[in-house]
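Let me begin by presenting the structure, written as structure tokens, before commenting on it.
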Amino acid sequence: MLQLIRSRVTGILAIVVLVLITLSFVFFGVTTPSLTGVNYAAKVNGVEIPLNEFRSGVQRAESRYSQYYPDGIPDETRQQLRDNILDTMIRDELIRQRIYDDRYRITNDALLDQIKSIPQFQINGQFDRKVYEQQLLIAGQSPGQFERSLKNSLSINQLRNALASSAFSIPAEITQKQILENEQRSAAFAIIPASRFKEQVSISDEDILAEYEASKASLLSEEAVDIEYIELTTQDLAKDVEVNDEILADYYASVSFRFGTPEEREARHILIATDEGDPQEKKAFAESLLEQIENGADFGELAKEHSDDLGSAASNGELGFFGRGKMVPEFENAAFSLDIGETSDLVKTQYGYHIIQVTDIKESDSPAFADLDEEQRTSLESEYRQLQVEGYLGERAEELANEVFDARDTLSDVAQNNGLTVKTQKNITRSSFAGLAALQEVKKAIFSEELRNGTNSDLIAASADQAIFLRVTEYRDVRQKSLDEVKAQLRAQLESKAASKMAADAGIALQAEISSVEELQAKAEENDYSFTPEASITRSQAGIQGELLGAIFNASKPQGEQAVEEGVEMNNGDYAIFYLTEVTPGAVDSMAETEKQAASRAISAQNGNNEMNAYLASLREKADIYIPPEQEELNN
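The sequence shown lines up with residues 0 to 635 when you count with numbering that gives the first Met the number 0.
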């Protein structure tokens, strides 16, 4: 559609239409546009899951998995990753909504305690603010972003823990777990290595040619492109944000708790609940109590006699010390506006009418703004600048999009006019993950037909912090690789395959000749194969390849004195022969009390996970979840 606009509409009208399509909702709040015009990955009960957050999650996952797939992540695996990430984001949004409804909250004090306990932010076991900020800088997050994310995660854990605490284990489960996990199997085995036969393998040019002809469909070069691009980031924009002492001091007031212990108030209160009875009568009664206090009545005695907060009434209404974020907002605002000994007017909350009296104040030990050292101020200013441009990138991206559109097939002038640098990246394939190739949106753009002629791309919203414009400088189509290009590869594959078959044939022939562990050992020594004498093996035994260990524990139990003999083809091409002579169930009585407790906790945790999964399934079943068709197409 964008190409159609390019060819049929010109001038100001084209710019307006193009901007509406590519830049609506761009970077404002937490949403990011897509090439299809859809700016959310899904809606959960009407709440949008921002597309840029989904894409960032996909990019991180694909980046992690790419190390396991040097030739590129298979399409099936890639799609499974994307599906799993979207499913996880939907689940987390359901949990977030439930947390809000059930009033799970994390206080600033609890958040700060959690941050200080993270080892990566410590030096010699003590929290270090400089290390904290450096680690977040490396991770590409501001302290504010990290703290919001952590606060949300901790709230989710509150719900998880509430469900997990109701789970338990019974002795029979512990016994069965112990029997299985502590089971031991006595076995002896020999390994026939495929490498032993490689020298016997002879691969002719005719063999390679035949394999080449049979495998031509898979011996293709990938599409590849060279690109040049410019990018606009929030870091670029942050340099132009106006900052002065007044602005910075106001911002510091909202985040000063990170620089020390936050202010706390000690207070007592009288609550007149309004959940039952006539609210007006309740208010009148609360006003009468307030009048008595103003006339000299004892606050504590009135709290004991009349407060509906039974938890504090018995102790004269005392609530102890608390920081910001621990009380409902109306209560907190009133308490933190009072001096020692002052009594509030009536404070209305969802619980009823409160009369609050502050009895002590612990001042914050965070330094005053004027006392911040140069390093602290620089860090604070950097964070403030970054925060201010989170919603401004869209406006600048729109301006840049107009210039890029007018330039059509060059980025040099746009870069020069805006103080940006034209960068290049060569030989990007669909399986590449370096640089911009890690971004799925970039790949969709650079391999689209409309950009093959060198036309400038439309805006590519890589994330909420980055806008990209690019053009393809060279496109190389898929082609059949020549025999010379793949000859060495095919020879190695054929040699490995032939050696593995020879190892398996030798193993099968050997199995036909033997009928006991002793004969297996003798043949192994005769042929210089590795042999491991009969020994007791556990399910977690180290030093045994997974396929062999799995086969030993999946084998049928020996009947009487007759050992079970099997052969196993290993993933590395080797062939293993084993004799299973005895199976010993896990001994229940041998488990120490600490082990039983650990097993009980493990089973309870598993049961708790099952409870959580059932709870989430129930939430999902009742939820209104919508994934737009455009997004499903984009994902695929």
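Virtual Cβ for every residue (Gly too), placed ideally from N, Cα, C.
Where the alpha helix (DSSP H) containing residue i begins and where it ends
| i | result |
| --- | --- |
| R490 | 482-512 |
| R267 | Taken as a continuous stretch (DSSP letters only), R267 belongs to no alpha helix (DSSP H), being part of the beta strand (DSSP E) at 263-272. |
| G545 | 545-553 |
| K347 | Looking at the DSSP string, K347 is not in any alpha helix (DSSP H); the run it does join, the beta strand (DSSP E), is 346-348. |
| I114 | 107-115 |
| E581 | E581 -> not in any alpha helix (DSSP H); beta strand (DSSP E) instead, spanning 574-583. |
| G56 | 50-64 |
| A541 | Segment: none, A541 is in no alpha helix (DSSP H) and carries neither H nor E. |
| A40 | It is not in any alpha helix (DSSP H) - A40 instead sits in the beta strand (DSSP E) that spans 39-43. |
| V254 | 244-254 |
| I202 | Here I202 belongs to no alpha helix (DSSP H), and DSSP marks it neither H nor E. |
| K522 | 516-526 |
| E341 | Counting along the chain, E341 falls outside any alpha helix (DSSP H), and DSSP gives it neither H nor E. |
Cβ-Cβ distance between residue i and residue j below 7 Å
| i | j | result |
| --- | --- | --- |
| Q510 | G549 | no |
| S378 | F258 | no |
| L231 | A466 | yes |
| I155 | I94 | yes |
| A302 | G319 | no |
| R264 | I339 | no |
| S220 | E533 | no |
| Y578 | V516 | yes |
| Y574 | A521 | no |
| D464 | T233 | yes |
| F145 | L158 | no |
| A189 | A523 | yes |
| A554 | T580 | no |
| I229 | V421 | yes |
| L289 | I355 | no |
| T348 | E329 | yes |
| Q58 | A437 | yes |
| G351 | N107 | no |
| M501 | F196 | yes |
Unbroken beta strand (DSSP E) run spanning residue i, endpoints
| i | result |
| --- | --- |
| R384 | It is not in any beta strand (DSSP E) - R384 instead sits in the alpha helix (DSSP H) that spans 373-387. |
| R184 | 183-191 |
| A534 | 529-537 |
| T358 | 351-361 |
| D225 | 223-232 |
| V563 | 563-568 |
Environment of residue i [buried if 16+ CB atoms lie within 10 Å]
| i | result |
| --- | --- |
| S462 | buried |
| Y625 | exposed |
| S499 | buried |
| P142 | buried |
| Y79 | Residue 79 is actually Gln in this sequence, not Tyr. Answer is exposed; the Cβ neighbour count stays below 16. |
| G572 | buried |
| R54 | buried |
| A487 | exposed |
| D244 | exposed |
| G559 | exposed |
| K215 | exposed |
| G310 | exposed |
| D297 | exposed |
| G45 | exposed |
| T358 | buried |
| D457 | buried |
| R475 | exposed |
| Q125 | exposed |
| E362 | exposed |
| Q415 | exposed |
| G295 | exposed |
| P49 | buried |
| G418 | exposed |
| L19 | Note that L19 has pLDDT 29, beneath the 50 cutoff, so the model's placement of it is unreliable and the number below is only indicative. The residue is exposed, with fewer than 16 neighbouring Cβ atoms inside 10 Å. |
| E440 | buried |
7 Å Cβ cutoff, residue i in contact with chain B
| i | result |
| --- | --- |
| Q479 | No chain B appears in this structure, which consists of one protein chain only. |
* How do the region 398-408 and the region 199-212 stand: do at least 3 beta-carbon pairs fall below 8 Å, yes or no? -> no
* **Residue ranges of each beta strand (DSSP E) within the region 417-466, 3 or longer** => 422-427, 459-462
* Pair every Cβ in the region 424-438 with every Cβ in the region 192-209, then say whether three or more of these pairs are closer than 8 Å. => With contact defined as three or more Cβ pairs closer than 8 Å, the region 424-438 and the region 192-209 are not in contact.
* Contact between the region 271-283 and the region 115-132: three or more CB pairs below 8 Å? -> no
* Asked: Are three or more beta carbon pairs between the region 151-159 and the region 530-547 nearer than 8 Å?
  -> no
* Asked: What residue ranges within the region 282-322 form continuous beta strand (DSSP E) runs of no fewer than 3 residues, ordered along the chain?
  -> Annotation note: the region 282-322 contains the following uninterrupted beta strand (DSSP E) runs of length 3 or greater, listed N- to C-terminal: 317-322.
* Asked: Are the region 289-309 and the region 262-269 touching, with three or more C-beta to C-beta distances below 8 Å?
  -> yes
* Asked: Is it a yes or a no for the region 358-372 touching the region 245-258, going by three-plus beta-carbon pairs under 8 Å?
  -> yes
* Say whether the region 214-229 touches the region 277-287, bearing in mind that this needs 3 or more beta-carbon pairs closer than 8 Å, one atom from each stretch. => no
* Asked: Can at least three beta-carbon pairs, one atom from the region 430-439 and one from the region 58-69, be found at a separation below 8 Å?
  -> yes
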